[in-house]
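Scroll down for the structure; my scribbles are underneath it.
Residue numbers (my numbering), protein chains in the order written: chain A, 4 to 522; chain B, 3 to 350; chain C, 3 to 106; chain D, 128 to 621; chain E, 15 to 180.
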């Protein structure tokens with residue numbers, strides 16, 4: 004199996020593309036495209052599982068590396084590899100793909116060929132972002148990830164009668180494409196100065212003070228903005244609510260969060276530790292306010308997609324908070340929380356998608372007292388909600404706790420308090436959502452509903468996700484070991500170098516303690 | 003060379019040529035009427051003066067004295083300008099024609115108003131300008147017959163100018179010069195045998211030139227611009243009296259010019275057809291004037307041919323005219339150029 | 003002053019003047035056909051410059067350039083006027099300001 | 128003439144042009160010989176065959192040493208071959224496209240094909256001409272044939288309008304170009320581009336050289352439709368038949384860019400301090416003006432016209448690069464731009480027909496549902512035009528901006544990329560329109576049929592765009608080799 | 015003598031060019047242009063380019079401008095309508111023209127010290143000299159012109175022909 008190590012990442016990248024090509028070539032007959040997509044995504048998922056199985060968490064640097072010259076001049080390499088930081092994100096992406104296919108199984112009825120083909124291309128693009136170690140290659144995948152997303156939103160949006168889904172697609176694209184212009188300029192500038200796009204080379208070059216402080220400031224800022232939009236950080240989140248209410252479920256569940264957060268850690272914090280540190284107070288403030296803002300707005304929304312959108316802003320702000328606290332535990336928590344968010348968000352989307360599919364409306368007021376008719380749906384919703392709220396034993400708890408405690412001890416008690424209030428508020432909005440939809444008096448729509456509960460396919464997916472939530476919650480060390488090695492080695496090396504590296508061990512100890520407490 | 007002397011002599015030459023030229027124009031008209039009359043088995047003008055010899059003078063007087071009418075709808079500036087252009091161009095090209103041996107007297111060439119290296123090109127240039135006279139006349143008259151006639155005429159002239167120009171290239175190739183004097187000189191040695199039309203092998207070119215020249219001057223069989231049955235008077239329908247006379251004079255002036263050019267280019271110019279067979283006369287005046295006689299004789303025979311054709315060949319239809327010009331004459335002229343250059347390349 | 007010698011620059015300035023007049027004509031004339039004539043004027047002005055410079059350098063090439071410009075101008079005139087005829091057929095006007103089917 | 132190239136007969140140096148000319152003449156003769164009622168399709172194939180032959184002939188020129196022919200009037204080198212191949216490729220695509228999309232009742236297709244092929248003669252020659260006289264005539268050959276082709280849709284009124292605008296402004300610019308040539312001739316006594324560079328130091332008057340250069344630039348920048356000389360572009364693209372736009376938005380521009388490179392690098396290398404900022408300014412102006420104007424457009428071809436102005440700006444940014452890298456980047460961008468632009472116009476032609484049944488962006492609504500292949504291709508080319516990675520458009524832009532930032536103008540890529548963001552907005556209008564579900568009342572053109580020839584044209588354009596994005600090494604290598612030509616010639620002068 | 019001729023014909027040129035702009039009827043503009051062209055022919059003669067002078071008359075005055083008048087007549091184009099036109103073009107155009115003229119004039123005057131004067135006696139280019147260069151060194155452009163003219167003929171026919179006729 005070790006012989007696979009050299010090519011496994013390329014295999015992961017190519018498999019969805021091949022699947023997409025096969026779908027395009029096959030006739031559009033019944034469920035055929037969906038089946039091919041499912042097979043492809045499952046295969047890809049299996050491949051991604053190869054990574055943790057053979058990952059050597061003790062070893063330094065990147066693993067499963069594959070590198071060859073793509074274009075000689077300018078010096079662009081095909082250079083892929085994973086470390087602890089990206090390892091689980093790759094697996095998560097692989098995991099969500101079949102779920103996305105299953106979630107689209109019934110909701111996408113027309114033009115399935117195009118849909119699944121684009122879906123798989125999107126898959127490749129996201130995986131590519133996580134594994135690229137050449138900045139140009141990274142940028143390529145980063146941009147590529149926008150296109151299928153935008154087209155899918157435009158083509159398969161929910162409110163096809165109006166122009167809203169094309170508008171959402173446009174908004175999404177412009178929001179994310181425009182800030183990537185400065186990003187590319189920054190990359191090009193770095194290349195002009197160093198003659199390399201290689202992540203490690205650049206990291207060293209920046210670490211050895213090859214550039215002026217002002218230049219680095221601008222570069223870091225360019226990187227930061229591009230990623231912050233994609234997260235999205237408060238203030239740059241304008242695209243998110245629209246996309247959440249318009250995008251097909253399978254797309255909406257992957258659009259926000261992990262790409263941006265990963266990029267922040269790897270390329271902003273990782274490449275520009277000093278500048279990131281300078282930006283940290285602002286980012287922390289934004290994140291803390293973002294948690295409060297998201298949770299507050301989520302409370303007052305009338306549309307459940309928007310509740311979810313603002314809730315997502317809140318939980319992603321949590322991750323940001325963890326990153327810019329610059330503590331090891333915070334990093335661990337942020338990465339873990341990113342993964343959690345992916346899993347929980349996926350589950351929520353599937354659940355709300357199921358509701359939407361059945362009732363054709365996303366206005367909360369149209370629901371009420373559904374729990375009696377669809378107990379399975381209600382149960383799963385509650386479980387997922389509790390995971391999101393951060394009930395102990397669920398995955399959300401570990402991440403939130405790591406972030407909050409590290410913020411409290413390492414950064415600022417005030418912001419930590421604010422974030423904690425945010426947590427409470429998010430519990431409030433979720434519970435009120437559950438209350439309004441599943442309990443209380445039955446609404447007209449619910450009375451008229453014949454009472455079909457979740458199907459086998461949906462239950463399978465949701466229980467599976469719930470299991471994962473529980474699994475991570477109970478033994479987060481499986482993930483955290485890898486994540487921590489990654490954080491220390493790649494993002495950690497320059498980041499923690501100045502004051503923290505000296506007492507890094509103590510932080511590790513604290514983190515261990517925290518984790519023990521978590522259990 | 004004294005500048006003032008040069009000026010004086012030039013003015014003299016111009017005046018003399020002008021008088022002779024205009025007189026010959028007048029008598030060409032008479033010649034035509036007489037000849038056509040004979041061809042059609044009638045007398046032609048015979049009442050005024052002996053054999054009607056004074057007829058042109060009377061005609062001229064009549065046209066001068068007629069009431070000068072300008073129709074109401076015309077565009078006046080151009081309406082007045084057009085006959086001037088026509089006549090002016092007709093008179094202009096005679097300036098570069100050498101009538102006799104290049105005898106210089108105190109630095110001034112006697113039998114030529116202006117000696118230019120590119121005399122041939124000047125003639126072509128002036129010919130090409132003369133289209134304007136007709137075109138503007140037709141357009142400014144504000145009359146559909148005039149306009150149609152003018153359009154026909156200018157199209158015809160522009161088209162045939164091409165064939166005409168190309169037909170001359172063979173001659174120029176043989177001579178290696180654009181100077182009319184030089185062109186005549188190379189034809190002088192063996193008399194008729196060295197004329198371009200025979201010895202030079204330019205008979206095809208001559209035929210093309212002849213045809214194109216008929217079309218250029220709007221003469222039968224290509225006189226479509228003024229085909230009475232369709233267009234009444236063509237471009238000069240609205241013209242009368244003196245202005246009409248100008249067009250009339252221009253047409254016959256052009257005939258003479260064309261004849262002069264044909265003589266110079268193909269028929270050996272002022273040289274005698276016997277070449278060196280007859281020794282050159284010793285007397286200076288005879289030596290100087292004999293060539294002029296030859297020249298006049300040759301031009302006269304060319305004019306005779308002109309009128310003969312008019313009397314015998316029927317008019318072409320317009321599409322036939324265009325087709326003939328583009329499909330036969332132009333290719334033939336090109337063929338002539340290729341042939342001449344080939345021969346010159348093989349037998350340098 | 004020597005009446006037999008004219009400075010080359012006079013020719014060149016004449017050429018520049020004609021060129022400018024051509025450009026102005028291009029800007030102010032409102033009939034397609036006169037606009038086209040203004041362009042011809044510009045080309046003629048350029049030709050004068052060429053001939054002057056050719057005289058100055060005693061280089062035949064300048065004159066040949068003019069010869070080619072003439073040929074090209076003739077070809078352009080043929081095509082341009084054909085276009086003008088076809089536009090007149092389609093729109094029955096030659097006014098530049100009415101040739102506006104494609105304005106926003 | 129140096130001794131090395133005496134072994135190569137002159138005729139081989141213009142072999143592609145000779146082949147193209149003969150093809151054009153042959154098409155005309157066949158056209159005349161055929162019965163009027165007979166289909167002219169075969170003539171299009173003859174043209175395509177001739178263009179392909181010319182393409183191979185120019186590739187064959189690579190094997191001969193770089194050098195001039197015909198008394199130093201044309202020069203074949205890696206540079207000219209690069210652009211020859213590019214232009215022949217474009218013309219081939221345009222011909223194939225026309226074969227299937229020209230209406231069947233179009234009687235004069237023979238002339239149409241002949242004009243395209245003859246136009247290619249001029250464009251090809253423009254890239255190898257080193258004598259301004261040849262440049263001038265080649266430019267006119269390419270321009271006049273495109274003027275005519277632009278006015279080919281006579282029945283709409285828009286066709287002649289497009290033609291007259293193109294023609295008048297084109298001739299106007301030619302006037303400036305010629306005036307520039309006259310000035311440079313006056314200053315140096317020569318019109319041979321390589322000699323100019325050598326003679327500028329001893330020119331009669333340095334200011335004469337400057338004004339000559341400025342006038343030349345006006346003429347050439349007009350031909351590449353860079354702002355502020357771009358006003359003709361939208362109207363012409365809108366009025367001309369779509370397959371012709373596919374040709375004229377790319378091939379003559381590529382040729383004009385080749386000329387620009389030859390003139391600024393070959394003829395005026397020592398004026399670099401002057402033309403560099405000038406070209407930068409033009410670049411920035413072009414992209415900004417082009418993109419801002421494109422935002423407001425509703426007509427697809429008009430929008431793409433403005434976008435092509437913007438692309439001229441991106442391309443000019445490459446000139447900022449030092450020496451060879453700048454030339455290579457510009458050459459590469461030209462290729463990438465041509466591939467995707469000819470591609471998108473090809474798709475639009477196939478989708479909306481020669482007569483443009485779908486003029487507005489809104490008319491394309493739901494195309495992907497009706498014709499998935501065409502819709503997908505439109506999306507693909509638009510993605511390339513936006514500059515998304517793994518397409519030619521991205522890599523070209525990337526190279527151009529890399530070169531600019533290496534040349535020291537970091538702000539240029541920044542402006543350029545912000546402009547790309549702006550551009551994305553209007554490209555996306557079309558993307559979204561194509562991807563949307565068709566409205567109930569949207570005009571439904573007959574389902575487009577893709578014939579063999581048009582299919583081949585689309586395939587060529589798609590493959591070219593993809594290859595330029597994913598595996599550009601080969602083309603980039605060729606671009607670099609062509610840039611090397613200049614490096615040697617510039618150093619030879621110094 | 016030379017100076018006088020130059021002044022006369024330069025004046026003709028300018029007067030013709032200005033008249034071209036002032037006249038509102040295309041035919042008058044065309045005639046003004048013919049005056050310009052013919053005067054230019056004389057100037058060419060003064061500059062020793064006699065072949066060009068003749069060619070100027072034959073090609074420009076005799077062929078190109080005939081085409082113009084021909085089209086004016088054929089379409090029966092009337093007086094120019096007085097529409098205001100593009101203001102932008104004028105606002106930018108006129109200053110630009112003034113600048114171009116000013117710059118060129120300054121440069122030319124400045125260059126004058128490097129240029130020789132023009133007099134009647136020096137440097138008449140014979141047609142032979144011209145042809146020698148034309149058919150030898152510039153053979154390629156000469157041959158190319160045939161392609162150009164072929165295109166022009168083709169295009170003129172294609173454009174001017176009415177649709178529906180074959």
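All C-beta atoms, glycine included, are put in the ideal place defined by N, C-alpha and C.
(Q) Against chain D, does residue 12 of chain C count as a neighbour if the rule is that its beta carbon must be under 7 Å from one of theirs? (A) No, its Cβ sits nowhere closer than 7 Å to a Cβ of chain D.
Q. So, using beta-carbon positions, are residue 284 of chain D and residue 61 of chain C closer together than 7 Å?
A. For residue 284 of chain D and residue 61 of chain C, no; Cβs fall outside 7 Å.
Q: Take residue 390 of chain D as the anchor and find which of D:588, D:226, D:256, D:239 has the nearest alpha-carbon.
A: If we check each option's Cα against that of residue 390 of chain D, D:256 comes out closest.
Q | Opening and closing residue of the alpha helix (DSSP H) in which residue 272 of chain D lies | A | Taken as a continuous stretch (DSSP letters only), the alpha helix (DSSP H) holding residue 272 of chain D covers 259-277.
Q.
In this structure, how does DSSP classify residue 496 of chain A when only helix, strand and coil are distinguished?
A. For residue 496 of chain A, the predicted model reports a pLDDT of 44, less than 50, meaning its position is unreliable and no value from the coordinates is stated.
Q) For residue 268 of chain D versus residue 248 of chain D, is the C-beta distance shorter than 7 Å? A) Their beta carbons are under 7 Å apart, which means residue 268 of chain D touches residue 248 of chain D by this criterion.
**Q.** Beta bridge counterpart(s) of residue 107 of chain B as assigned by DSSP
**A.** Paired residue(s): B:110.
Q | Helix, strand or coil at residue 387 of chain D according to DSSP, with G and I counted as helix | A | Three-state result, residue 387 of chain D: helix.
Q | is_contact[residue 69 of chain C, chain D] using C-beta, thresh 7 Å | A | Output row for residue 69 of chain C: interface = no.
Q) Which residues in chain D sit within 9 Å of residue 27 of chain C, going by Cβ to Cβ distance? A) The contacting residues do not exist; residue 27 of chain C stays about 11 Å from chain D at best.
Q.
Just checking: is the beta-carbon of residue 34 of chain E within a distance shorter than 7 Å of some beta-carbon in chain B?
A. Residue 34 of chain E does not count as touching chain B.
Q. Taking the Cβ atom as the reference point for each residue, do residue 97 of chain B and residue 125 of chain B lie within a distance shorter than 7 Å?
A. No; because the gap between Cβ atoms is not below 7 Å, this pair is not in contact.
Q) Is there a Cβ from chain B that is less than 7 Å from the Cβ of residue 83 of chain E? A) Using beta-carbon distances, residue 83 of chain E counts as an interface residue toward chain B, with a partner under 7 Å.
Q. Taking C-beta to C-beta, are residue 142 of chain B and residue 273 of chain B nearer than 7 Å?
A. No, the pair does not count as a contact, with Cβ atoms beyond the cut-off.
(Q) At the 7 Å Cβ level, is residue 161 of chain E part of the contact set with chain D, yes or no? (A) Yes, contact with chain D.
Q) Is there at least one Cβ from chain E nearer than 7 Å to residue 93 of chain C's Cβ? A) Closer than 7 Å: no.
Q. With 7 Å set as the bound, which would you pick, yes or no: does the beta-carbon of residue 76 of chain E sit closer than that to a beta-carbon of chain B?
A. Contact of residue 76 of chain E with chain B is assigned, a C-beta pair being separated by under 7 Å.
Q | Endpoints, the alpha helix (DSSP H) within which residue 320 of chain B is located | A | Its alpha helix (DSSP H) spans residues 320-325.
(Q) Are the CB atoms of residue 325 of chain A and residue 337 of chain A within a distance shorter than 7 Å? (A) Yes, the pair counts as a contact, with Cβ atoms nearer than the cut-off.
Q: Rounded to whole angstroms, what's the CA-CA distance from residue 54 of chain B to residue 64 of chain B? Just pull it up for me.
A: The straight-line gap from Cα to Cα measures roughly 15 Å.
**Q.** Assigned exposure category for residue 199 of chain A - 16 Cβ within 10 Å defines buried
**A.** With 16 or more Cβ atoms within 10 Å of its Cβ, residue 199 of chain A is classed as buried.
**Q.** Extent of the continuous alpha helix (DSSP H) to which residue 125 of chain A belongs
**A.** It spans 115-134 - the alpha helix (DSSP H) in which residue 125 of chain A sits, taken as one unbroken run.
Q) Is the number of C-beta pairs between the segment 197-208 of chain B and the segment 168-188 of chain B that are closer than 8 Å three or more? A) Taking a contact to require three or more Cβ pairs closer than 8 Å, the segment 197-208 of chain B and the segment 168-188 of chain B qualify as touching.
Q) Rounded to a whole number of angstroms, what is the C-alpha to C-alpha distance between residue 241 of chain D and residue 57 of chain E? A) Spanning the two alpha carbons is a distance of roughly 40 Å.
Q) Would a check of beta-carbon distances place residue 141 of chain E closer than 7 Å to chain C? A) The Cβ of residue 141 of chain E sits no closer than 7 Å to any Cβ of chain C.
Q. Using a C-beta cutoff of 7 Å, does residue 155 of chain E count as contacting chain D?
A. Judged by the 7 Å Cβ criterion, residue 155 of chain E is in contact with chain D.
Q. Considering only the beta carbon of each residue, do residue 84 of chain A and residue 71 of chain A sit closer than 7 Å?
A. No, the pair does not count as a contact, with Cβ atoms beyond the cut-off.
(Q) Taking 7 Å as the threshold (beta carbon to beta carbon), is residue 502 of chain A in contact with chain D? (A) A caution first: residue 502 of chain A carries a pLDDT of 39, below 50, which makes its placement in the model unreliable, though a value can still be read off. Interface flag for residue 502 of chain A against chain D is unset, since no Cβ pair is found closer than 7 Å.
Q) Should residue 46 of chain C be labelled buried (16 or more other beta-carbon atoms within 10 Å of its own) or exposed? A) Label assigned to residue 46 of chain C: buried.
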